[in-house]
Amino acid sequence: MRKTDNDGFLELLAKKLLQDYGETISSLCLIFPSRRAALFFQHSLSYLIDKPIFAPRILTINDFSRVLSGYGQTDNLTLTAFLFAEMKRYYKEKGLNFDEYSPEIRIDQCIKMLSDFNDIDNYLLPAKDVFLNIYHLEELSSLDYLSPEQRETIESFWKVVLPSKQQDSTSEPEVKSASLREKFASFSGVIRELYPRYNELLKEKNLAYEGMMVKYAGSLSIEEVRSKLKEQFPFTKHFVVAGLYAITPAEERLLTLLKKALPIKGIQFFWEGFPLSRKGEMWNAEIVAPLKENIANNQNHFGGELLIPTPTEDYPAIEFIESSTQVSGRKVIPMLIDSILQIDPKAIEELRVAVILPEEKSLPPLLSSLSTMSIPLNVTMGYPLSSTNVAIWFTQYIEYLLSQRRLTDRTELSAELLDRLVRHPLSSLLLTEEEKKQLNEIKVYSLPYFALESLPPSSDQVSSKLFEVLHYPPRNAEELLQQLLEIADEFAIVFRGKREQDESTVQAVLQVDLEFLKKYQETLTALSNTLPIMSEDLDIAIVAQLLNSLVYNASVPFEGEPLKGLQVMGLLESRLLLFDYILIPDANERQFPRAYSEENTFIPFTLRVGYGLPIYRFKESIESYYFYRLLARSKKVFFVAGGVDDIEPSRYIAQLKYLSSASFTKKVVQLHEASINPQAIEIEKTEEVMERLNRFLDPSSRKVFSPSTLNTYSICPLRFYFQHVRDIKEDLIEDDLLTPIDLGNVIHSSMENLYKNYIGKRVTQKDFIELQQQAKDVVLQQYKEIVFKGRKSQEDFGGIHEIYCNTAKRYVKAILQHDAKYEAIDYLESEHRIDFDFLLPDGKKVPIKGYIDRIDSVERDGEKVLRIIDYKTGTDELQFKNWEEIFPHKGETSKLNKAVSQLMLYCTYIVSNNKEYQDYDNVEPSLYILRQMIQNPLEYDPTLCMKESRETEKKEVINYKASLWQSQFEKRLTQLLEEIFNPDEPFRQTEDKFNACRFCQFSTFCGM
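Note that the working numbering gives residue 756 to position 730 of the sequence shown, counting from 1, and the numbers run on in steps of one.
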């Protein structure tokens, strides 16, 4: 425990009770706000005794309420199931349609309703009035228990809902609004009637939700309370209520009743005073006053003693670390912990260091960062189950099942969702390579849905469990849960088997996966056991929705010594605890404090205000109290914020800087990639690397440069290394959406087929008319050949593919319209192959290959012009600023113009290495950027041009052969290739990480 003379509330309480009761402390029952506070109190107590004694009984306020009420303990899943079942019975009794897919009857709405019931009971409100039908507004006026402020707020809400007398009720928007109000009013009436029915049902089963339990315990008579205390607490002589802060009206009534039922000295209250510094108040009055006022109100109402922690010598030092990315921010935490241990080596051992996490989702990356440190951890927060690999796999599997649609003659499922499931890493543990290959063939046809009957048949003897169940989608909820449990069992067998075979590191990972799987199995089993409560014939989608909600709210608890090591917790868990050193990662606005919303309630905001129900401002005030009381006794506090676009650092940081007396320093930290993953930044050209690179120069090797290969190096030399030196292939990601490559292939192939009968011939205006008439059928045929891989069934063609095909038709039509603006075209070639060696000054012959989309000739000013044409469907540009945009390399920051670089390479080949077209004096690169051409095909100009700035005149690339264009380009290409083969020039990571790394599959290698 903390080795310090500065006692906190729990230490002061332990000393006080030992002083007053000595060895008879076992006759006490202590009531705390949380279990963690109770645990730390026990630890404080153990440091003060020198011989064994019996410990007092310790409960939380919720535990005490449950004991006194006599209700049995259950979970939210069971409570939700009973509410859903009761709602279904209600609808049936009233003769109403119970549509499980309607917005108000969904399972998650039952969760929302249960939350409202809990609030209503915690605040001792009459449910029938809160959910009063809007048509009974007059009844509100007769409720004299409402204050004028509450009445005004409630009426202002209903005025928003109800149309005013001046409004024209015949207007269409008002009719829709009235319909919405009527629906809300009707459902609010349902909730109003469900509340007493649901409470009675739970009473019959001796169950209760938290608010109901506290409300009932507080409604007991004094004699009933005395009887229950005698029965449930036979050895308790005194009760101690310690450290409560935000007390609900129901808890207030219960504690007041307890005080009346016990003798004068039978109950004591202890309140935590706001910590001070010996220099005086640390905080500006406007921050602290509301927080201290609540403590004073509690003491005035219940009496008791205020325990003020020992004042600190000085104010805490506040250090704000602003990080450029969330990744770098999390990497800072271990460094900060090391800095603490350097000046205070026993700080962690003595439980004086805590990491306060704003939200659960911050836990996984934090644990990853802390894995490099050999220090024990005690994690109070659970790991979100929904973030685990296991839960993500099952979610994807369920989404695949829910994509099922039954047609007249067949059952279909989503091909894209099946493909995503098969590509998930965990699927490889259950499927054989042959099964994966067979399932991948489903995606070949690029259809959104596939027939279940088209799945390759399974064999009971050799097929895996997953491959087998894919053929038999569950027909009902019971079958769904049974199937999920069977698959989970298969995963467990595989995990255990691999854990026994693999090395220690892999064993640890598999052990964690087993823990996650165990929690998921527990969730499935609990839901399966609850199904009979809700209904015998629940739809699969409803159960899947409930399972998703359960998984989302579930967490996997971490095992560890609770009173040992670095303390990792949420702000709520820090109640009554004090630490010398506090670290708060992800301290951004909307994360810290949390961005509370009022979505999880049926009770509108203004109505909640009127009835005094908690709203986001109340929750934020509670969070503020826990935050400021935690900081007040600390020595040093570290905030790590930043790395999130458009989100400012937490408001708490600004408050500390401008409204407190604490010392404040700010640091900006940017961890460079080298500090995260040094080996991924530069690859030296060792003998082995040069040997692999020189394969490009070996005529017997198949390694050659292409325009895209050269562009890859210009974009990122490191990516070139991975892809073309180490031969690591990028995964081809399948998608229902047509890829730009597929669209380009359809257009290229369509143009090739349209002009194939004109190769070596002149295309006239008459021919252009015929070509435009043929275009529609040719594009459709090529689309089916390329996208459907030869599957031409017309019934499968429609929907999204029809839209894509029409897009391709529009592009082809635009090309033909543009071509027709010339009186005639001599069409020479399609897909002309280039294959030549580019000679470097040192004698190296670098092989370059590729394909020119089209070569033709037009007449301009009485001269024949040879056009080298490239089709582009992307966002390419005809204009380039300077030569640095052509194959940029070391030390140059210009962005690569891929299209211009590629087209000039083609022209260089035609001019210098192709004898067939040497008779043409004018060679002109022409770029058909179809997104621009389609806007106005007749006005589109495919000529490349250089324009350095707005002030300079643009230079058109009209004659590539008879100008300096070729020599300048060859100079750029030479410099690039010399850099590639220079053994002293390493493969470096790109500096343009935003554009280059976003879609690069090697980015994870580089720490991006």
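From the three backbone atoms N, C-alpha and C, an ideal C-beta is built for every residue, glycine too.
Pairing S952 with P968 gives a Cβ-Cβ distance under 7 Å. Restricted to the region 935-1011, the beta strand (DSSP E) segments that are unbroken, complete and at least 3 residues in length are 948-955, listed in chain order. Contact annotation: L657 and V666 have beta-carbon atoms that are not nearer than 7 Å. Only residues of its own chain outside the window of five on either side were considered, and among them L457, K462, L465 and N466 have a CB closer than 8 Å to the CB of V448, listed in chain order.
In the displayed model, D868 falls within coil according to three-state DSSP, outside both helix and strand. Of the residues assessed, A322 falls on the exposed side of the cut-off, its CB having fewer than 16 other CB atoms within 10 angstroms. Here F67 has L36 as same chain residues with Cβ atoms under 6 Å from its own Cβ, once five neighbours each way along the sequence are excluded. Proximity to F420 across A840, L383, S453 and L43 peaks at S453, based on C-alpha coordinates. Unbroken beta strand (DSSP E) runs of no fewer than 3 residues, entirely contained in the region 60-120, are found at 83-86, following chain order. For R655, DSSP records no beta bridge to any residue. Around the C-beta of K924, 16 or more other C-beta atoms lie within 10 Å, and the residue is accordingly described as buried. Along the length of the region 241-308, whole beta strand (DSSP E) runs at least 3 residues long occupy 264-268 and 293-298, reported in chain order. Note on R501: under 16 other CB atoms within 10 angstroms of its CB, so exposed under the neighbour-count rule. Counting every other CB atom within 10 Å of its CB across the protein chains shown gives E442 a total of 16 or more, marking it as buried. In this structure the region 254-268 lies against the region 50-65, because at least three pairs of beta carbons, one per stretch, are closer than 8 Å. For a cut-off of 8 Å, the C-beta gap from I767 to Y897 is around 13 Å, too long to register as a contact. Each residue's CA atom was taken as its position, placing I894 and D882 some 7 Å apart. In the structure shown, K890 falls within a strand segment according to DSSP collapsed to helix, strand and coil. By the C-beta criterion, the region 588-596 is judged to be in contact with the region 367-384, since at least 3 inter-stretch pairs fall below 8 Å. The three-state secondary structure of R616, taken from DSSP, is strand. The residue from I366, I369, T274 and F346 with its alpha-carbon nearest to that of N324 is T274.
Counting the other Cβ atoms within 10 Å of the Cβ of N144 gives 16 or more, which makes it buried. If one requires a minimum length of 3 residues, no beta strand (DSSP E) run lies completely within the region 789-854. One thing to note: P733 has its Cβ within 7 Å of the Cβ of L931. For N579, the uninterrupted alpha helix (DSSP H) run begins and ends at I566 to N579, by DSSP. DSSP lists F731 and F862 as the bridge partner or partners of I874. CA-CA distance, D435 to Y837, rounds to 37 Å.
Looking at the backbone, the Cα of N985 and that of G668 are separated by about 53 Å. Each residue's CA atom was taken as its position, placing G330 and L283 some 16 Å apart.
Taking a cut-off of 8 Å on C-beta distances, the region 77-97 touches the region 233-247, as three or more cross pairs fall below it.
A check of alpha carbon separations from P152 across I217, L109 and R728 identifies I217 as the nearest.
Spanning the alpha carbons of A850 and R788 requires a straight line of approximately 7 Å. In the three-state reduction of the DSSP assignment, L639 falls in the coil class. Within the same chain, and ignoring the five residues on either side of V495 in sequence, the residues whose Cβ sits closer than 6 Å to its Cβ are Q509. Per DSSP, the beta-bridge partners of V405 are V594. If you draw a straight line from the Cα of A417 to the Cα of L576, it is about 11 Å long.
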